[in-house]
Amino acid sequence: MRIRHLLHLFFLHLLLISSAKAQVTTSPAFPTEDADVTITYDASKGTSGLQGVAKVYMHAGIILSSETGTGWENVKGNWGKDDGIGLMTKDPNNPNVWHITINPRTYFGVPAGQRIYRIGMVFREAGPCGDTGQPGCKEGKSATNGDIFVDLYPPGLQVSFTAPADSLLLAEPNTAISIQATASTTSTITLFNGTTQLTQTTGTQLTYSLNPGASGEGTIKVTATDGTNTSEDSFYYLVKSAPIVQNLPAGIKDGINYTSTTTATLSLFLPFKNNVYLIGDFNNWLPTIAYQMKKTPDGNRYWMELTGLTAGQEYGFQYLVDGIVRVGDPYADKILDENDKFINTSTNVVYPGLKPYPSGKTRGSVTVFQTNQQPYQWQTANFQRPDKENLVIYELLVRDFVGTHNYQTLSDTLTYLKRLGVNAIELMPIMEFSGNESWGYNPIYYFAPDKYYGTKNGLKAFIDKAHQMGMAVILDMVLNQADYEFPYVKAYWDGSKPSANSPYFNQQATHPFNVFFDFNHESAVTQDFVDTVNAYWLREYKFDGFRFDLSKGFTQKNTGSDVAAWSARDDSRIAIWKRIYDKIQTVDNNAYVILEHLGANDEEKILADYGMMLWGNMQPNYKEAALGYNNNKADLNWASYKQRDWNNPHAIAYMESHDEERLMYEQQLYGNTSSTYNTKTFATALDRMKLASAFYFTIPGPKMIWQFGELGYDLSINRCPDGSINNDCRVANKPTRWEYYTDASRSKLYKVYAELIKLKTTQPAFSSTDFTLDGASIVKRLSVNHPSMNVNVIGNFGVDTITVNASFQATGKWYDYFSGDSIAVASTNEAILLQPGEFHIFTSSKLPKSEAGLIPNWKYTLRSSLPTAIVDELLNAQTSIYPNPTAGKILLKVENELISSYEVRISTTLGKTIQTFRMNKFDRLLKQELNLERLPQGIYLLEVVSGNKKAVKKIYKN
């Protein structure tokens, strides 16, 4: 970033406040786009993350847009791969110095005639690496944890400062500044302070010692001329001075305070720092004496009052901290960054009239203040939220749910969601995150909606319309971690991690699943920040609550890489969450608090009973059940809060979420088959989704759907934009599939979802506390008792026809919901023959009939009882279980050459069936491990049945 040939701007120098000159050097000193250049990297400089590694790679791209651009193109290098592309050579005299020689045009494959302005680069070790908090990840970046840039010069005369190393210098009072400049060829080199000539020499080198005095500021310029051509370079200096110490004005809070239509006061909490300068549109992005911020007597805050502002005008600004780091205001509700150029700013699209990023004048995120903003006019004043236990949440990522990825189009989908019956929408994180296209779990500004999705008022209008249509809106809140660009990470930085004196962040994460940088939730300032963030979104945007990402990470108990220890009950974490919950309730006592905890049940029970709801990942179980495999992984009982021994229905069990593989995708790949039934075929796979949903929505308690699951979305979570499947593409863009809705087969699945949701949200029986779920057997059952009506849900998850006891709660007339048929039940012990995949929802009261043809036309029959099998002494002798007694797991063995298929039943001694499933063997010995860990202590009966023969064993559970 140097000024060259009088046509370049002075502001180019501000982009490298901590220069990479000492960290990366080039030979020749003035590289060009068409000649070989040797790039030398010193791993001991900058973030110094690659000291002592065995191999170093240069991961690089070129900048074709302008001399100030930072967007890489033609990237060379495969992140995390040891494939030789970008491999550097170790210096024989210094193990931390590495070299690579390239021809920029050839190396990056740039056509002749196209200008290459710069090379952007970072360095990495030969292995997995990235900004994701992975253990052992090593990389090398600039001192401010950013990309490193090498300028490419046009042929001809060039001049550049080699000292000072920085383009912006905060000088010590009355202390000489050592100045050195280098020209590419012999020329007349002249040095200026402003317009005053300081010295002149002929040659390729100039040195000078400048005394800046006790105070002041200035621009030092060097010119080189050979009689025909002239080149320039410059740097800016400001003499340091102690800030004025003065109390913060009364009523001023941290962040941006609008005191009138033409005045504002900025307050920045920033202990342990020496000085802060305000830079922005109002002072050409240069630190000056007039914009040095005042310091409070306790040393914790810097503040400044701005006057004479134009009402309604947007001003971009940053804080320059100790002359090194530029940060935005952590409480700003709007930022600008260089990725804004990829946002559609046309009228009526995503963000019309977006203020341009001040390219060439600064770097990093720029925050914005604007006096006299006009408030949004809310149309819904008193929205009545659905009860917690009645929630049906639709989780979505704006980017992948609507093609325009904006709030306006999202608002247009609300009718679709209303027809489906959902009563709450959960938005994946929408506060500003690094880049544009992301899942959003890398937040950098907690009060600013990400502009990639639209304007602040666009978000408010979406929430307003959702409320008008009876749907709550829940925000996915990310307060376990923050990305580097978050001001309180960036301002307290120690090369490659937060500094030891950071008021907000741990230097090392306290738990094994951390990503980015880990908040210290026992710090008082972190707690105040968390409370302010939560209150802001509830009040300013009228969100109805939060789903807190990685809530299990809110702990200072350091468990290292031990996942089991981290997941165990942690009383300090319980206290942290009770504090957060209590604080939220003081702001809005009906706000939802949902935790992605996924921890030990004894801890989750305490939190659930306290009033919080918790995610319950049942995807593996519903997957195995839908696939048609009857094993310990296909047990659905944990979807019930009663099975967890919770007092309240606060378990949000889910079949899919943003984080799990899509059921329909796996169904068509891995589904089970029999000689007459194949769960992998498209039509059958859709029917299996209906079967699974029948045993999901009917279980009392809140529910959650992942976007397009109601249409059988069958593209992998790991799908890449080119259609391939790769784990590295997990968070990559996924195609929207609105055309699925017009597919008749998929539309039936949508309608089945809608019918089941309607049952859940309109029939009081599905909020009953008197229900029994048998989700472990191959034939699964749900019995619900309620004064309004009783419900009996039964379904065959196997791939073979099976006859089971229907277990109606009472005799009399019952009604099959989807067929509308009525049946007369003469005995509660009547048996029912179920085809593979067949399910029924029987109700004791007649309900309005659903649309015909949504599920297969199964012709079930009732029998007076199940066929009776008698104990066969030989089969009994061939059957064994071990160990017995057992603390949880037992191994069942059946050794019989003639029998290939068995039904296995586990029941209490009083005859209550606990689990039934079918087993097939492929040789003379059948072996199956059974997991009984969740069963209470006692004696149970295990039956192995084949036709009219059975073996019976007693299980002693300790």
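When the letters of the sequence shown are read in order and numbered with mature numbering (1 follows the signal peptide of the UniProt record, and there is no 0), they come out as residues -22 to -1, 1 to 936. Just so it is clear, CB atoms sit at the ideal spot from N, CA and C, and this is done for glycine as well.
1. Once the 5 residues before and after PHE532 are set aside, which same chain residues still bring their CB inside 7 Å of it?
2. Could you tell me which of ASN261, SER702, ARG912 sits nearest to LEU284, measuring between CA atoms?
3. Which residue comes first and which comes last in the alpha helix (DSSP H) that contains MET36?
4. In terms of residues, what are the limits of the beta strand (DSSP E) holding LEU870?
5. Using the Cα positions of THR662 and LEU751, report the straight-line distance between them to the nearest angstrom.
6. Since ASN599 is in the alpha helix (DSSP H), which residue starts that stretch and which ends it?
7. Roughly how many angstroms lie between the CA atoms of VAL299 and TYR466, to the nearest whole one?
8. Would you tell me roughly how many angstroms separate the C-alpha atoms of GLN183 and LYS339, rounded to the nearest one?
9. Mapping the DSSP letters down to three states, classify GLN906 as helix, strand or coil.
10. Helix, strand or coil for HIS445? Go by DSSP, reduced to three states.
11. Does TYR934 pass the burial test, meaning 16 or more other C-beta atoms within 10 Å, or should it be called exposed?
12. Within 8 Å, do at least three Cβ pairs link the segment 786 to 801 to the segment 756 to 770?
13. In terms of alpha-carbon separation, which member of GLY690, PHE507, PRO364, ASN171 lies closest to GLY448?
14. Could you have a look at PRO308 and say whether DSSP puts it in helix, strand or coil?
15. Under 8 Å: do the segment 525 to 544 and the segment 483 to 501 share three or more Cβ pairs, one atom per stretch?
16. Would you grab the beta carbon distance between SER209 and VAL137 for me? Rounded to a whole angstrom, and I think it's under 8 Å.
17. Whole angstroms is fine: what's the gap from ALA513's alpha carbon to ALA359's?
18. So, under 8 Å CB-CB, ASP318 and TYR335 are touching, yes? Tell me the CB distance rounded to an integer number of Å.
19. Could you say which of TYR588, THR288, ASP276, MET271 lies nearest to GLN296 if we only look at CA atoms?
20. How many Å lie between GLU733 and LYS726 at the Cα?
21. Is the number of C-beta pairs between the segment 695 to 715 and the segment 797 to 810 that are closer than 8 Å three or more?
22. Tell me whether the segment 123 to 134 and the segment 65 to 76 touch, counting them as touching only if at least three CB pairs, one residue from each stretch, are closer than 8 Å.
23. For residue 947, list the residues DSSP reports as bridge partners.
24. What's the gap between the Cα of VAL922 and the Cα of SER885?
25. Taking all protein chains shown into account, decide if ASN346 is buried (16 or more other Cβ within 10 angstroms of its Cβ) or exposed.
26. Within the same chain, show all residues whose beta-carbon is closer than 7 Å to that of ALA444, passing over the 5 residues directly before and after it, in chain order.
27. Count the C-beta pairs between the segment 251 to 258 and the segment 196 to 206 that are closer than 8 Å, then say yes if the count reaches three, no if not.
28. Below 8 Å CB to CB, which residues in the same chain sit around SER694 once its five sequence neighbours on both sides are set aside?
29. Short of 8 Å in beta carbon distance, which residues of its chain neighbour VAL2, apart from the five on each side in sequence? Order them along the chain.
30. What residue does the beta strand (DSSP E) around ARG912 start on, and which one ends it?
31. Looking only at C-alpha atoms, which of ASN435, ASN770, VAL757 sits nearest to VAL777?
32. Compute the distance between the beta-carbons of GLN813 and TRP836, then report whether it is under 8 Å.
33. Mark GLY114 as exposed unless 16 or more other C-beta atoms lie within 10 angstroms of its C-beta, in which case mark it buried.
34. Would you tell me roughly how many angstroms separate the C-alpha atoms of PHE379 and GLN685, rounded to the nearest one?
35. Considering only the alpha carbon of each residue, which of HIS37, MET596, VAL508 lies closest to MET455?
36. Check this for me: beta carbons of ALA38 and GLY64, under 8 Å apart or not?
Quick answer:
1. Within the sequence shown, the letter at position 554 stands for residue 532. The answer, listed in chain order, is ASN458, HIS499, ARG551, ILE554, TRP555.
2. Along the sequence shown, one-based indexing puts residue 284 at 306. Nearest of ASN261, SER702, ARG912 to LEU284, Cα basis: ASN261.
3. In the sequence shown, counting from the first residue as 1, residue 36 sits at position 58. Premise fails: MET36 lies in the beta strand (DSSP E), 34 to 41, not in any alpha helix (DSSP H).
4. Indexing the sequence shown from 1 puts residue 870 at position 892. Where LEU870 is concerned, the enclosing beta strand (DSSP E) stretches over 867 to 873.
5. Mapped onto the sequence shown, residue 662 falls at position 684. Mapped onto the sequence shown, residue 751 falls at position 773. Each residue's alpha carbon lies about 25 Å from the other.
6. Start at 1 with the first residue of the sequence shown, and residue 599 comes out as number 621. It spans 597 to 605 - the alpha helix (DSSP H) in which ASN599 sits, taken as one unbroken run.
7. By 1-based counting over the sequence shown, the position of residue 299 is 321. By 1-based counting over the sequence shown, the position of residue 466 is 488. For VAL299 and TYR466, the distance between alpha carbons rounds to 11 Å.
8. By one-based count along the sequence shown, residue 183 stands at place 205. By one-based count along the sequence shown, residue 339 stands at place 361. Those two C-alpha atoms are separated by around 28 Å.
9. Indexing the sequence shown from 1 puts residue 906 at position 928. In this structure, GLN906 counts as strand in the three-state DSSP scheme.
10. For this step, residue 445 is matched to residue 467 along the sequence shown. Residue state, collapsed to three classes: helix.
11. What you label residue 934 is simply residue 956 of the sequence shown in a count that begins at 1. Classification for TYR934: exposed.
12. Yes: the two stretches touch, three or more of their Cβ pairs being nearer than 8 Å.
13. In the sequence shown, residue 448 corresponds to position 470, counting from 1. The residue with the shortest Cα to Cα distance from GLY448 is PRO364.
14. Start at 1 with the first residue of the sequence shown, and residue 308 comes out as number 330. Here PRO308 sits in coil by DSSP.
15. Short answer: they touch.
16. Along the sequence shown, one-based indexing puts residue 209 at 231. Along the sequence shown, one-based indexing puts residue 137 at 159. With a Cβ gap of about 4 Å, SER209 and VAL137 count as contacting.
17. Walking along the sequence shown from the start, residue 513 turns up at place 535. Walking along the sequence shown from the start, residue 359 turns up at place 381. Rounded to the nearest angstrom, the two C-alpha atoms are 18 Å apart.
18. Along the sequence shown, one-based indexing puts residue 318 at 340. Along the sequence shown, one-based indexing puts residue 335 at 357. Yes, ASP318 and TYR335 are in contact; Cβ-Cβ is about 5 Å, under 8 Å.
19. In the sequence shown, the residue the question calls residue 296 occupies position 318. Nearest of TYR588, THR288, ASP276, MET271 to GLN296, Cα basis: MET271.
20. Working through the sequence shown from its first residue, we reach residue 733 at position 755. Working through the sequence shown from its first residue, we reach residue 726 at position 748. Cα to Cα, the separation comes out at about 10 Å.
21. no
22. no
23. With the chain represented from -22 up to 936, any question about residue 947 goes unanswered, as that position is not in the structure.
24. For this step, residue 922 is matched to residue 944 along the sequence shown. For this step, residue 885 is matched to residue 907 along the sequence shown. Their backbone Cα atoms lie some 12 Å apart in a straight line.
25. In the sequence shown, counting from the first residue as 1, residue 346 sits at position 368. Note that residue 346 is Val in the sequence shown here, rather than Asn. Answer is buried; the Cβ neighbour count reaches 16.
26. Here residue 444 is taken as the residue at index 466 of the sequence shown, counted from 1. The answer, listed in chain order, is LEU392, ILE403, VAL451.
27. no
28. As a position in the sequence shown, residue 694 is number 716, starting the count at 1. If we look at SER694 and ignore the five residues flanking it on each side, its Cβ neighbours are GLU639, ARG640, TYR643, ILE703.
29. As a working note, residue 2 is residue 24 in the sequence shown. Around VAL2: ILE17, THR18, TYR19, ASP20, MET99, ILE126, VAL128.
30. Residue 912 sits at position 934 when you count from the first residue of the sequence shown. Segment: none, ARG912 is in no beta strand (DSSP E) and carries neither H nor E.
31. Residue mapping note: residue 777 aligns to position 799 of the sequence shown, counting from 1. It is VAL757 whose Cα lies nearest to the Cα of VAL777.
32. Here residue 813 is taken as the residue at index 835 of the sequence shown, counted from 1. Here residue 836 is taken as the residue at index 858 of the sequence shown, counted from 1. Cβ atoms of GLN813 and TRP836: closer than 8 Å.
33. Against the sequence shown, residue 114 aligns to sequence position 136. Low local confidence applies: a pLDDT of 45 at GLY114 is under 50, so the model's placement there is unreliable, with the coordinate-based value given in what follows. By the 10 Å Cβ count, GLY114 comes out exposed.
34. Against the sequence shown, residue 379 aligns to sequence position 401. Against the sequence shown, residue 685 aligns to sequence position 707. Approximately 7 Å between the Cα atoms of the pair.
35. Counted from its first residue, the sequence shown places residue 455 at position 477. For the residues HIS37, MET596, VAL508, the minimum Cα distance to MET455 belongs to VAL508.
36. Position 60 of the sequence shown, counted from the first residue, corresponds to residue 38. Position 86 of the sequence shown, counted from the first residue, corresponds to residue 64. Yes, these two residues count as a Cβ contact at 8 Å.
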